[in-house]
Amino acid sequence: MDRLSDKRNMGVTWRAILLGLLLIPPLTFWIMEVECVWHSGHPTSISLMWGVVFVIFVIILLNLLLKRFLPKWALTQGEFITIYVMLCMAAGLAGHDTLQLTIPALPHAFWFATPENEWSEIVIPYVPRWLVVSDKNIIRGFYEGETPFYTREVIGAWLKPTLWWTAFISALGMIMICINVIVRKQWTEHEKLSYPIIQLPLAITEGGGTSKFFRNRILWVGFGIAAAIDIINGLNNFYPMIPRIPVRHNFYNLGQYFTEKPWNAMGSIPFPLYPFVIGLGYILPLDLSFSLWFFYIFRKLQEVFTSAVGIRLPRFPYLSEQSAGAWFGIFVIAVWVTRGHLKEVFKKVFGLKTSLDDSEEPISYRLAFILTFISFAFLVWFCIKAGMTFWVIIGFFVIFYAFSIAITRARAELGPPAHEMAGMMNSQQILVNILGSRRVGSANLTVSMYFWFFSGRGYREHIMPHQLEGFKMAERAKVSNKKLVLAMILAIVMGSLASFWSLVSELYRVGGENGPSVGHIGQFGWLTNEINYPKGTDFPAIFGMLAGFVFTFFLMAMRMRLLWWPFHPAGYALSTNFGVEYFWSCLVISTIVKYLVLKLGGAGGYRKGLSFFFGVILGEYCVGAFWSAISVIFQTYTYDFAPG
0 MDRLSDKRNM GVTWRAILLG LLLIPPLTFW IMEVECVWHS GHPTSISLMW
50 GVVFVIFVII LLNLLLKRFL PKWALTQGEF ITIYVMLCMA AGLAGHDTLQ
100 LTIPALPHAF WFATPENEWS EIVIPYVPRW LVVSDKNIIR GFYEGETPFY
150 TREVIGAWLK PTLWWTAFIS ALGMIMICIN VIVRKQWTEH EKLSYPIIQL
200 PLAITEGGGT SKFFRNRILW VGFGIAAAID IINGLNNFYP MIPRIPVRHN
250 FYNLGQYFTE KPWNAMGSIP FPLYPFVIGL GYILPLDLSF SLWFFYIFRK
300 LQEVFTSAVG IRLPRFPYLS EQSAGAWFGI FVIAVWVTRG HLKEVFKKVF
350 GLKTSLDDSE EPISYRLAFI LTFISFAFLV WFCIKAGMTF WVIIGFFVIF
400 YAFSIAITRA RAELGPPAHE MAGMMNSQQI LVNILGSRRV GSANLTVSMY
450 FWFFSGRGYR EHIMPHQLEG FKMAERAKVS NKKLVLAMIL AIVMGSLASF
500 WSLVSELYRV GGENGPSVGH IGQFGWLTNE INYPKGTDFP AIFGMLAGFV
550 FTFFLMAMRM RLLWWPFHPA GYALSTNFGV EYFWSCLVIS TIVKYLVLKL
600 GGAGGYRKGL SFFFGVILGE YCVGAFWSAI SVIFQTYTYD FAPG
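Take 0 as the starting number for the sequence shown in numbering that gives the first Met the number 0 and just add one per residue.
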């Protein structure tokens, strides 16, 4: 029996991989339906994706029955971790800022080209036809709906671009996995970063799900309170006579009270009170939760200062550029603190003498290096074939992976509830700021516009942090992470294919011409503006990035010199851009609550509070998922408990 138990707890099993693959198509369909078609519920916009947690929670409840009646068939924690990570890969690709942007963009130029916008002359000549669907007879049903999808003509037209984009996405994801393999030991074992986001998934999957966890009364108190709020608000959506409990960010606007100059420059100031975000904030380190809301206020005060002194520059104080510079600073800091480990990895890869052992890594460092090289070579070839130039390609991906590593580091160290970076903080715009749109050129601008799904709108569903968190979950659960890389890449492939199938087939049914899926194609407006009004280097924007970069190093230097220094550079990077509006005031509450609990109740009080907030998170996730399911079943808008 012990030998059987050891074998089953090795971690990644083939049945877990198979179950993960089988769950991906219905998960992506659900996400596409509620986020893109109905815009009613956002399962992927929060770092701890509530759609994935809900699916795992349901399987755990079923697993408790298996453990009681068919124990040999019950899933282990290692298998749950495998399924969780696979679903995160797929959900991230299907998410609001990812393939929901690219899939509708593929036929967009050909359907909406008019003599007025001149896309036939300035855009379409640079569009790589092998990556899009251009036949108006085929895409008519995509926009008008009520058209059979399962025909040879329609599937044949979409199959080629789907496979090409899936290959491209797989190469992107493979590089992310390999980078995570290389930094895992340093960040996880040596620096012992906290990985706050994984605390709830680890707790509910412990032992394959335990009745002890679900017998915790404090957990169910939190669950009941949160569930009751969402039940009432969900019913209010259908029966307005039922009073609602206002917790969403769009219920309050503190900015309405600041009507005189210069204070009215702050604009809208939402005041969200999401219970589950307060719960996620309770898990965060105090310095980050404080820094997030402090720098949000600091950002608003910058706007007041700009108005007070009468600065007339169009984008001053260049908040997005400050944020971009801050993220570059976090990337440089992450590389700097990892430099010793990277040096030893280099020796290992090239067969030099080193004490570094990679036998317990998911794959060897040498294989990770080889796969990175092959994948990046494919990305370069893909982009050149699409019409981009070599040096623009290199600059584009250097910027993208710098941001990716910085986001992953921030998630591993601090675990922010979300990391939306929607203020044109992408490789395309940064290259335009540095080089000017004239030097970048129309061909590079057009092709890179189709990359909006990974370097474009928001980064909330970035899959790289989930990969590293998966490795950490395996390490914390003391299960083998072998084959976890295979599970991830299979999930990426299946997630891409399922995302294309889910959205394309659904839009042929309901039509996308007037839906949110078309309304989010903002990249075409950006492209048209850059081509029609070419410009040179934007020196004020570069200065804004340098200011953010330098200020980030100042904040880090102060943290190293002063133990009491509460201002974290990640808080500055996140809050200087758009997105923290959705949850800043929730973190004010969680900061105060956690400080008082630790001061008055110590470690024991914190653990009880953690159980309560685990219940709050699960309560909102479960009832929110119920209302989301109602929107799919009855094809209607329902209460959305989470920002998006």
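Note that the Cβ used here is the ideal one computed from N, Cα and C, for glycine as well.
- Item | 8 Å Cβ shell around alanine 54 - same chain, five flanking residues per side excluded | The amino acid occupying residue 54 in the given sequence is valine; alanine does not appear at that position. Here the set comprises Leu22, Leu26 and Leu86.
- Task: List the endpoints of the continuous alpha helix (DSSP H) containing methionine 448.
- Result: Methionine 448 -> alpha helix (DSSP H) spans 441-448.
- Query: What's the gap between the Cα of methionine 173 and the Cα of glutamate 145?
  - Reply: 38 Å
- Query: Since leucine 100 is in the alpha helix (DSSP H), which residue starts that stretch and which ends it?
  - Reply: 98-104
- Query: In whole angstroms, what is the alpha-carbon distance linking glutamate 115 and serine 403?
  - Reply: 38 Å
- Hey, out of Thr209, Ile45 and Ile228, whose CA is closest to isoleucine 197's CA? With distances taken between Cα atoms, isoleucine 197 lies closest to Ile45.
- Alpha carbon to alpha carbon, how far is glutamate 302 from alanine 264? Give it in angstroms, no decimals. Cα atoms of alanine 264 and glutamate 302: separation of roughly 6 Å, rounded to the nearest angstrom.
- Please state whether DSSP places asparagine 215 in a helix, a strand or coil. Looking at asparagine 215 - three-state DSSP - the assignment turns out to be coil, as it is neither helix nor strand.
- In chain order, what residues of the same chain have a beta carbon less than 7 Å from the beta carbon of isoleucine 332, not counting five sequence neighbours either side? Taken in chain order, the residues that qualify are Met555.
- Can valine 492 and isoleucine 176 be called in contact, C-beta distance under 8 Å? no
- Item | Whether serine 574 touches leucine 283 by CB criterion (8 Å) | no
- Message: For leucine 22, report the span of its alpha helix (DSSP H) as first-last.
- Response: Its alpha helix (DSSP H) spans residues 13-30.
- Item | Secondary structure of proline 539, DSSP reduced to three states | helix
- Within this structure, are the beta carbons of glycine 328 and glycine 547 separated by less than 8 Å? yes
- Take leucine 65 and list the residues in its own chain whose beta-carbon comes closer than 8 Å to its own, dropping the five residues that flank it on each side. Trp72, Ala73 and Leu74
- Task: For valine 503, count neighbouring Cβ atoms within 10 angstroms of its own Cβ and tell me buried if that reaches 16, exposed if not.
- Result: Flag for valine 503 reads buried.
- Kindly indicate which three-state DSSP category glycine 518 falls into: helix, strand or coil? Residue placement at glycine 518 is poorly supported in this model, since its pLDDT is 46, which falls under 50; the coordinates still yield a value, given next. In the structure shown, glycine 518 sits in a helix (DSSP, three-state: H, G or I).
- Message: Let me check one thing: in DSSP terms, what residues is asparagine 252 bridge-paired to?
- Response: Per the DSSP secondary-structure output, asparagine 252 pairs in a beta bridge with Pro269.
- Task: Report the rounded CA-to-CA distance for leucine 287 versus valine 478, giving the unit in angstroms.
- Result: 30 Å
- Message: How far does the alpha helix (DSSP H) with valine 431 in it extend, from its first residue to its last?
- Response: 426-434
- Query: Exposed or buried, what is threonine 676 when buried is set at 16 or more other beta-carbons lying within 10 Å of its beta-carbon?
  - Reply: With the chain represented from 0 up to 643, any question about residue 676 goes unanswered, as that position is not in the structure.
- Using 10 angstroms around the beta-carbon of asparagine 136, count the other beta-carbons present and answer buried if the total reaches 16, otherwise exposed. It counts as exposed.
- Query: serine 133 by DSSP, collapsed to three states: which one?
  - Reply: coil
- Message: Going by beta-carbon coordinates alone, are leucine 526 and methionine 448 separated by less than 8 Å?
- Response: In this structure, the beta-carbon distance from leucine 526 to methionine 448 falls below 8 Å.
- Using three-state DSSP, classify alanine 166 as helix, strand or coil. If DSSP states are grouped into helix, strand and coil, alanine 166 belongs with the helices.
- Query: Taking just the CA atoms, how far does leucine 61 sit from alanine 628?
  - Reply: 19 Å
- Query: So what does DSSP say about serine 46, is it helix, strand or coil?
  - Reply: coil
- Item | Residue(s) in a DSSP beta bridge with glycine 10 | For glycine 10, the pairing in a beta bridge is given by DSSP as Ser479.
- Message: Looking only at its chain, what residues have a beta carbon closer than 6 Å to the beta carbon of arginine 365, apart from the 5 residues adjacent to it on each side?
- Response: Residues Val348 of the same chain have their beta carbon placed closer than 6 Å to that of arginine 365, with the five preceding and five following residues left out of the count.
- Measure the Cβ-Cβ separation of threonine 551 and alanine 572 and say whether it is below 8 Å. The Cβ-Cβ distance between threonine 551 and alanine 572 falls below 8 Å.
- Nearest chain C C-beta to valine 122 closer than 8 Å, yes or no? Protein chains in the displayed structure number just one, and chain C is not present.
- Taking only the alpha-carbon atoms, compute the straight-line gap between asparagine 252 and asparagine 576 and give it to the nearest angstrom. 18 Å
- Over the uninterrupted alpha helix (DSSP H) stretch that includes lysine 607, give me the two end residues. Start and end: 583-633.
- Exposure label - tryptophan 451; buried when at least 16 CB within 10 Å: buried
- Item | Residues near isoleucine 121 in its chain [Cβ-Cβ closer than 6 Å; skip 5 each side] | So the qualifying residues of the chain are Ile530.
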